[in-house]
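Asks: Numbering (UniProt numbering), first residue to last: 1 to 443.
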Amino acid sequence: MERPPFQTLRAMFYAVTPNETSYSTWEEVPNFVDEAVPYFMLFIFLECVVLKLQGKDLPRVNDGMNSISHGLLSTLHSLMFRPVELVIYAYIYTNWRLVELPWDSPWVWFVAFLLTDFLYYWFHRISHESNIVWASHQVHHSSEDYNLTTALRQSAMQKYYSMFIYFLMALAVPTPIFYVHQQFNLLYQFWIHTECINTVGPLEYVLNTPSHHRVHHGRNPYCIDKNYAGTLIIWDRMFNTFQAEGDKVIYGLVHPNQFWSPLYGQACHYLYILGLIKEHKGLENKLSAVVKGPGWGPGKPWTGLPEEVPEVKEPVYKYDKDLPLWANAYVILHFALVIVASSLIAPHKKELAFITGLGIVLFFVYSLTVFGALFDHRKYSSVMEFVRCVTFLLVAHHTRGSAMMLTFSLAGSVQIIFLLSAILWGVLTVLQYNVHMITKKVN
């Protein structure tokens, strides 16, 4: 079936009709999120242009790349597995649904839109009020900047929590309709992560907007646990969690991260919870540290004490270890190669053997970890990058002739880049080692 023009672009603003986005099976539903990747990149570029014209700060290279790295980590599982949440949802709908609703009915489509957004509100609220769920969601809040790259800063684990609340819809809503709205709800939230747009007039009363969502990302005391909306802000107004934008919003976690490692960023709060379990005495306190809010402590209410949220005022220190210009350019180039590779591989993921998919995932995860180590000035980062480049060259040589490698190799140019990079980091590693040995002798 021929797709309507600019369907994916319009889906990012929920500007679609039921007729053009209704499907009889969930396998027929396009992967709108994957298709939107070029639009993400385009809008990020346009946002930079507008920010420059407005005289505002541009996205930081380290922070922006860290956000996109989290986004890539959150999608890598799809190279090895079918979407677990959809498979289970479809099973529940097929075997346990309470009613039979038509998949091509506009009113079912609109009801599903409201249900998806309503349940998103409650899941989002739970993710701020339960420590174990916050452990996944904190990834999205960990940026101290607020721009379109922040929208891509997603948790690899969050979908495995949210699916349980969405399974309620499986008792009535056909799987393809749910899958459509699950994607549209996520895509809509991309454009609201910006400081370029102030307010949007009367739509502020109904829709979630950049102004409302800026508050949600704030760590000012007045911003904490407010504006959980996905698409419609009406839920916050109904359940008394709405907060209008007031004092200048300071973004990020109440206790900001001090590293650029995306892998550790995904795992750090789980490790923190393990520490709390060891620290607290008694089974009740240990369980409370897991299920109650991230601000909870013995003797405190479920979500903690509001007065314990520290005041923040400008100027605010941001973790901002950066690299020399040449190194920034280097990391941007290799990061772009990872993004291009993932985009080229994604359409063929169903054809990948499990072991091949696993190998690709491990290489991508290692690459993103190395980039974070370079930005963090880790002393071992040059060795890590040398190993990464050599690994790529060995795998490329071993798999030469495969369609996948030929597609990505771009007539050998990528191998040349990696060869030169391996030489560069090999030399830097040797020099770094010599300096270390000389320093050791002097001391």
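Even glycine gets a Cβ: it sits at the ideal position worked out from N, Cα and C.
1. If we count the other Cβ atoms within 10 Å of its Cβ and call it buried at 16 or more, is I277 buried or exposed?
2. Tell me which residue opens and which closes the alpha helix (DSSP H) that S288 is part of.
3. Hey, is the segment 189-208 in contact with the segment 41-48, meaning 3+ C-beta pairs nearer than 8 Å?
4. So does the segment 92-105 actually touch the segment 133-145, counting three or more Cβ pairs closer than 8 Å?
5. Mapping the DSSP letters down to three states, classify L207 as helix, strand or coil.
6. Nearest-angstrom Cα distance between N220 and I88?
7. When burial is assigned at 16 or more other CB atoms within 10 Å of the CB, is Q182 buried or exposed?
8. Mind checking W107: buried by the 16 CB within 10 Å criterion, or exposed?
9. Between V215 and the rest of its own chain, which residues show a CB-CB distance below 6 Å, the 5 nearest in sequence each way excluded?
10. Whole angstroms is fine: what's the gap from S155's alpha carbon to P262's?
11. CB-CB under 8 Å to F354, same chain, minus the five flanking residues each way: which ones, in chain order?
12. Check whether the segment 287-301 and the segment 198-213 are in contact - that is, three or more C-beta pairs closer than 8 Å.
13. Are at least three pairs of beta-carbons, each pair with one atom in the segment 340-347 and one in the segment 375-394, less than 8 Å apart?
14. Output the distance between the C-alpha atoms of L186 and F123, rounded to the nearest integer angstrom.
15. When you compare only the Cα positions, how much space is there between L419 and I68?
16. Cβ of T303 within 7 Å of Cβ of E129?
17. DSSP on K379, reduced to helix/strand/coil?
18. Contact between the segment 380-396 and the segment 420-429 is defined here as three or more beta-carbon pairs at a separation below 8 Å; is this criterion met?
19. Between E311 and chain D, is any beta-carbon pair separated by less than 7 Å?
20. Closest by CA to W103, which one among S24, K56, I417?
21. Cα separation between P174 and E27?
22. Please report how far the alpha carbon of E351 lies from the alpha carbon of H334, in whole angstroms.
23. If I follow the unbroken alpha helix (DSSP H) through S127, where does it start and stop?
24. Please look up how many angstroms separate the CB atoms of L72 and L358, rounded, as I've assumed it's under 8 Å.
25. Just to confirm the assignment, what range does the alpha helix (DSSP H) spanning G265 have?
26. Based on DSSP bridge pairs, tell me the residues matched to Y251.
Replies: Straight from the coordinates:
1. exposed
2. 283-291
3. yes
4. no
5. Strand.
6. Approximately 39 Å, taken between the alpha carbons.
7. buried
8. exposed
9. C223, K226, N227, Q243, E245
10. 10 Å
11. M80
12. no
13. no
14. 13 Å
15. 26 Å
16. yes
17. coil
18. Between the segment 380-396 and the segment 420-429, the count of Cβ pairs shorter than 8 Å is three or higher; the stretches touch.
19. Absent here is chain D; the protein component of the structure consists of one chain.
20. S24
21. 12 Å
22. 25 Å
23. 106-129
24. About 16 Å separates the two Cβ atoms, so there is no contact after all.
25. 262-279
26. G218
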